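Visitor: Take a look at the following structure, please.
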Amino acid sequence: MGRAPCCEKMGLKKGPWTPEEDRILISHIQKHGHANWRALPKQAGLLRCGKSCRLRWINYLRPDIKRGNFSVEEEETIIKLHEALGNRWSAIAARLPGRTDNEIKNVWHTHLKKKLRQNQEANSETKPQPKRKVKREPNITTESETTGTVPMSPQPSSSEVSSITTGETNQYMDVKGEPIESFENFPEIDESFWSEALSSAVDGNSNSTNEIIQLQSSFPMVEPGYNCSPKVVDDCMDFWYNVFLTTGDESTLTPLF
DNA sequence: AATCGCTCCAACCGCAGCCAT
DNA sequence: TATGGCTGCGGTTGGAGCGAT
736 MGRAPCCEKM GLKKGPWTPE EDRILISHIQ KHGHANWRAL PKQAGLLRCG KSCRLRWINY
796 LRPDIKRGNF SVEEEETIIK LHEALGNRWS AIAARLPGRT DNEIKNVWHT HLKKKLRQNQ
856 EANSETKPQP KRKVKREPNI TTESETTGTV PMSPQPSSSE VSSITTGETN QYMDVKGEPI
916 ESFENFPEID ESFWSEALSS AVDGNSNSTN EIIQLQSSFP MVEPGYNCSP KVVDDCMDFW
976 YNVFLTTGDE STLTPLF
């Protein structure tokens, strides 16, 4: 795929915007809108690339931008949403009116990550591990801090899978109570399904949550055993728990019990 | 007053995905 | 189906600001 020439090759300006450039950009967008970012700087008479104009507008000049420090409520919302959605800054920003993805990303890296780590350290010293394991995004763990990699939907660890076994024997049972030796023929679900479903559920898209409900009714979890793979069961439970974390609606926890 | 080190944030870079042809 | 153009997104960086020494 061909790439557009970069600003320098085109003789365009980079770096901080001047008040005059801001004024020109605002004035042009107010008069003509921003249907075509690539054509905009030329039309407006700015020596900037479209990308730079778009970023300046979205992150700084837009009239609905909320300036100033984040409130405690906003920070808590970001933490909850990040736990549920991972590094999907634009998705998080969509739920915080007046805040941009760039701003949220910055506040996460400068304040919240640190704050969360301190909380986790404090909790691990004082509290025993909860029985119900919450799937956390790996970028808030010590490991990802060092690697910097952020997979969206981490595979459950062996300990997570074993959390739904029949206790001390570590043996999975089928609906008849017979031991399951292999999950080879059990249905599996693509990881992206869950992240998509969670986004939709949080957005209030009932079609998506209906899909999960149908999935659960196909694979009941309240039987003496499970007739789907442990991973599907675990993902179902994590899905509802993440919806609860994001929406705060306790009724979403009902399918867990 | 000068320097150093750290924090914060605006802006850039490169890639992925969508859409038109 | 393949290709090219464009936008949007997430990761990263550079430098201004500020406090400590």
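Going by the numbering used here, the first sequence opens with residue 736, and the numbers climb by one from there. Ideal Cβ positions, reconstructed from N, Cα and C, are used throughout, including at glycine. Please read all numbers here as calculations on a predicted model, not as lab measurements.
Quick one: is the Cβ of Phe805 within less than 6 Å of any heavy atom of the ligand ADP?
Guide: As for the ligand ADP, it is missing from this structure, which has no ligand bound.
Visitor: Contact check, Ile839 vs Ile813 under 8 Å by CB: the rounded distance?
Guide: Taking the first sequence and counting its residues from 1, the one referred to as residue 839 is at position 104. Taking the first sequence and counting its residues from 1, the one referred to as residue 813 is at position 78. With a Cβ gap of about 6 Å, Ile839 and Ile813 count as contacting.
Visitor: Please classify Pro776: is it buried, with 16 or more other beta-carbons within 10 angstroms of its beta-carbon, or exposed?
Guide: Walking along the first sequence from the start, residue 776 turns up at place 41. The residue in question, Pro776, is buried, as its Cβ has 16 or more Cβ neighbours within 10 Å.
Visitor: Would you report the Cα separation of Arg852 and Arg758, rounded to the nearest angstrom?
Guide: Your numbering for residue 852 matches position 117 in the first sequence. Your numbering for residue 758 matches position 23 in the first sequence. Going from the Cα of Arg852 to the Cα of Arg758 covers about 41 Å.
Visitor: Out of Arg783, Arg773, Gln778, Asn804, which one is the CA nearest neighbour of Pro751?
Guide: Sequence index remark: in the first sequence, residue 751 carries index 16 (1-based). The shortest Cα separation from Pro751 among Arg783, Arg773, Gln778, Asn804 belongs to Arg783.
Visitor: Residue range of the alpha helix (DSSP H) that Gly785 falls in?
Guide: Numbered from its first residue, the first sequence carries residue 785 at position 50. Its alpha helix (DSSP H) spans residues 785-791.
Visitor: I believe Ala779 touches His763 by the beta-carbon criterion, under 8 Å. Please report the beta-carbon distance rounded to the nearest angstrom.
Guide: The sequence position of residue 779 within the first sequence is 44, counting from 1. The sequence position of residue 763 within the first sequence is 28, counting from 1. The pair is a contact, with the Cβ atoms about 4 Å apart (cut-off 8 Å).
Visitor: I need the DSSP call for Arg802, collapsed to helix, strand or coil.
Guide: Within the first sequence, the letter at position 67 stands for residue 802. Here Arg802 sits in coil by DSSP.
Visitor: Can you tell me which of His767, Ile827, His769, Glu755 puts its alpha carbon nearest to the alpha carbon of Glu810?
Guide: Numbered from its first residue, the first sequence carries residue 810 at position 75. The option with the nearest alpha carbon to Glu810 is Ile827.
Visitor: From Trp843 to Trp824, what distance separates their C-alpha atoms?
Guide: Taking the first residue of the first sequence as position 1, residue 843 is located at position 108. Taking the first residue of the first sequence as position 1, residue 824 is located at position 89. Between Trp843 and Trp824, the C-alpha separation is close to 10 Å.
Visitor: By the three-class DSSP mapping on this structure, what secondary structure does Arg834 have?
Guide: Numbered from 1 along the first sequence, position 99 holds the residue referred to as residue 834. Coil, per DSSP.
Visitor: Do you know whose CA, among Thr835, Ala819, Gly768, Leu781, lies nearest Glu755's CA?
Guide: Position 20 of the first sequence, counted from the start, is the residue given in the question as residue 755. Ranking Thr835, Ala819, Gly768, Leu781 by Cα distance to Glu755 puts Leu781 first.
Visitor: Once DSSP output is grouped into helix, strand and coil, what is the label at His769?
Guide: Against the first sequence, residue 769 aligns to sequence position 34. Coil at His769, not helix or strand.
Visitor: For Ile761, tell me which candidate among Leu790, Lys749, Gly746 has the shortest Cα-Cα distance.
Guide: Here the question's residue 761 lines up with position 26 in the first sequence. Measuring from the Cα of Ile761, the nearest candidate turns out to be Leu790.
Visitor: Grab me the residues of Gly746's own chain with a C-beta within less than 6 Å of its C-beta, minus the 5 sequence neighbours each way, in chain order.
Guide: The count along the first sequence starts at 1 and reaches residue 746 at position 11. So the list is empty, once near-sequence residues are dropped.
Visitor: Between which two residues does the alpha helix (DSSP H) harbouring Pro776 extend?
Guide: Along the first sequence, read from residue 1 onward, the residue named residue 776 stands at position 41. Per DSSP, Pro776 belongs to the alpha helix (DSSP H) from 775-779.
Visitor: Using alpha carbons as the reference points, say which of Ser806, His769, Pro798 lies closest to His846.
Guide: Numbered from its first residue, the first sequence carries residue 846 at position 111. When each option's Cα is compared against that of His846, the closest is Ser806.
Visitor: Quick check on Asn854: does DSSP put it in helix, strand or coil?
Guide: Position 119 of the first sequence, counted from the start, is the residue given in the question as residue 854. In the structure shown, Asn854 sits in a helix (DSSP, three-state: H, G or I).
Visitor: Would the beta-carbon of Ile800 fall within 7 Å of that of Gly833?
Guide: Along the first sequence, read from residue 1 onward, the residue named residue 800 stands at position 65. Along the first sequence, read from residue 1 onward, the residue named residue 833 stands at position 98. Yes, they are a contact pair.
Visitor: Looking at the structure shown, is Gly912 part of a helix, part of a strand, or coil, going by DSSP?
Guide: For the purposes of this step, residue 912 is identified with residue 177 of the first sequence, where counting begins at 1. Model confidence at Gly912 stands at a pLDDT of 46, short of 50, so the residue's coordinates are unreliable; what they give is reported in the following sentence. Three-state DSSP puts Gly912 in coil, outside helix and strand.
Visitor: Quick check on Leu816: does DSSP put it in helix, strand or coil?
Guide: Locating residue 816 in the first sequence gives position 81, where the first residue counts as 1. Helix.
Visitor: Quick one: is Ala819 buried, meaning 16 or more other Cβ sit within 10 Å of its Cβ, or exposed?
Guide: Along the first sequence, read from residue 1 onward, the residue named residue 819 stands at position 84. Looking at its Cβ environment, which holds 16 or more other Cβ atoms inside 10 Å, Ala819 is buried.
Visitor: How is the alpha helix (DSSP H) around Trp824 delimited, first residue to last?
Guide: Indexing the first sequence from 1 puts residue 824 at position 89. Its alpha helix (DSSP H) spans residues 824-828.
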